[in-house]
Amino acid sequence: MLNALKDVRTMKALLTRAEAEAVQSGDDLPGPEHLLLSAIELPDGTASAAFGRLGVDPNDFRSAVDRAHRDALGQFGVAVSSELLSDLPGAEAPSGPYRMTSPGQQVFQRAFALAKETKPSLLRSAHVVVAVCEQDRGTVARALQAQGIDRERLAAAAREALAAG
Amino acid sequence: MRSSTKVDDVIDRVEIPEPDDPEAALAAVVALRRLANQLERAAAAQALRDGWTWAQIGQALGVSAQAAHKKLALKKET
Numbered sequence: 002m003l004n005a006l007k008d009v010r011t012m013k014a015l016l017t018r019a020e021a022e023a024v025q026s027g028d029d030l031p032g033p034e035h036l037l038l039s040a041i042e043l044p045d046g047t048a049s050a051a052f053g054r055l056g057v058d059p060n061d062f063r064s065a066v067d068r069a070h071r072d073a074l075g076q077f078g079v080a081v082s083s084e085l086l087s088d089l090p091g092a093e094a095p096s097g098p099y100r101m102t103s104p105g106q107q108v109f110q111r112a113f114a115l116a117k118e119t120k121p122s123l124l125r126s127a128h129v130v131v132a133v134c135e136q137d138r139g140t141v142a143r144a145l146q147a148q149g150i151d152r153e154r155l156a157a158a159a160r161e162a163l164a165a166g
Numbered sequence: 397m398r399s400s401t402k403v404d405d406v407i408d409r410v411e412i413p414e415p416d417d418p419e420a421a422l423a424a425v426v427a428l429r430r431l432a433n434q435l436e437r438a439a440a441a442q443a444l445r446d447g448w449t450w451a452q453i454g455q456a457l458g459v460s461a462q463a464a465h466k467k468l469a470l471k472k473e474t
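Rendered as C-alpha cells:
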C-alpha cells in the first residue's frame, strides 16, 4: 500500500519533469528522451548511478540529445545556430492530463512493468533507463550512440544499480 | 530582391535526404520538426515584443488566435 503511494509520487515527478523538458526543448510532447532526462534527476538516484557505473557523467546526455538533432540536420546541409536553442523563451507547461508520444508511453508502461517484476516492487528511475534502452531506434538510441554508450551495457548497469540500491 | 536571394542561398544549401538512408532521413524529419517549433516560439516572442496581437500571430501561422496563444503563450516571469 505504501509502495503504491510512493509509485504515484514517483510517476508524478517523472512525468511533470519530462513534460517540462519537452516544452523547454520545443518538442510537441514528451518522448523517451525527455523521460530519460527526467529520470536522471529523480531523487532515488539509480538512473544517474547507471551512467556513473559506465564512467559517464549523466548530465552529458542532455547535450548528446541536442548534438544528435544538430548532426541529423547537418547531414543535409542545415546548420542551426546554437543561440536559437539557448535563447529559447520559456513556455507554459500544458495543463490537463499527461500526454506523451507513443514511444514515450511504451517506455513508461515498460518501466512500470519492470518495477512490478523487481523486489521491492517499487518504480525507480533506473527502470526508465532499462525501458528506454530497449528501443533501438529514435533520439535516445542516436544520442547514446553519439556518446559511445552501448545500450545493452547501460541497461545492465541500470539493473545493477537497482539491485544495489 | 535582396531578401529572396537570401532565401535562395539557404535552400541551395539544403540537400534533400536520400530515401536509401531512412535512418538519417527520419532523424532529420524529427530534428526539423523540433527546429520548426523552436523557431515558431522564438519568432512569436519577438512578434509580441514588437506589439503584434495573438490574432495577427495566428494569421501569420495559419491558425486561430486561440490556438496560437495556447501553444505559444510565454511562461510568466516569477
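Line order of the protein sequences matches chains A and B.
For the first sequence, my numbering gives the first residue as 2, with consecutive numbering after it.
For the second sequence, my numbering gives the first residue as 397, with consecutive numbering after it.
For every residue, glycine included, the Cβ atom is placed at its ideal position computed from N, Cα and C.
Predicted model only: the values in this text are computed from it and were never measured.
Residue i, enclosing alpha helix (DSSP H) - first and last residue
i, result
"A:F62", "61-75"
"A:R125", "Here A:R125 belongs to no alpha helix (DSSP H), and DSSP marks it neither H nor E."
"A:P33", "33-42"
"A:D8", "3-26"
"B:I453", "450-457"
"A:P104", "103-118"
"A:P98", "Premise fails: A:P98 is in no alpha helix (DSSP H) and is neither H nor E."
"A:R138", "Taken as a continuous stretch (DSSP letters only), A:R138 belongs to no alpha helix (DSSP H), as it is neither H nor E."
"A:V81", "Counting along the chain, A:V81 falls outside any alpha helix (DSSP H), and DSSP gives it neither H nor E."
"B:Q442", "418-445"
"A:L163", "152-165"
Residues bridged to residue i [DSSP beta-bridge criterion]
i, result
"B:L470", "A:A92"
Residue i at chain A interface by Cβ criterion, 8 angstroms
i, result
"B:V426", "yes"
"B:L457", "no"
"B:V403", "With a pLDDT of 45 at B:V403, under the threshold of 50, the predicted position of this residue should be treated as unreliable, and no value is reported."
"B:A443", "no"
"B:A469", "yes"
"B:A463", "no"
"B:G454", "no"
"B:A439", "no"
"B:D416", "no"
"B:A423", "yes"
"B:A420", "yes"
Rounded Cβ spacing between residue i and residue j (contact assumed at less than 8 angstroms)
i, j, result
"A:F62", "A:A144", "7 angstroms"
"A:Q76", "B:A424", "7 angstroms"
"A:R125", "A:T47", "5 angstroms"
"A:L15", "A:V129", "7 angstroms"
"A:A142", "A:A112", "About 17 angstroms; that fails the 8 angstroms criterion."
"B:Q434", "A:G27", "4 angstroms"
Any chain B beta carbon closer than 8 angstroms to residue i
i, result
"A:D89", "One detail in the question is off: residue 89 of chain A reads as Leu in this sequence, not Asp. Cβ-Cβ to chain B under 8 angstroms: yes for A:L89."
"A:A65", "no"
"A:G27", "yes"
Give me the subset of the segment 11-25 of chain A whose CB atoms are less than 8 angstroms from a CB atom of chain B, sorted by chain position.
none
Quick one, which residues of the segment 140-158 of chain A are near chain B if we go by CB-CB under 9 angstroms, in chain order?
T140, R143
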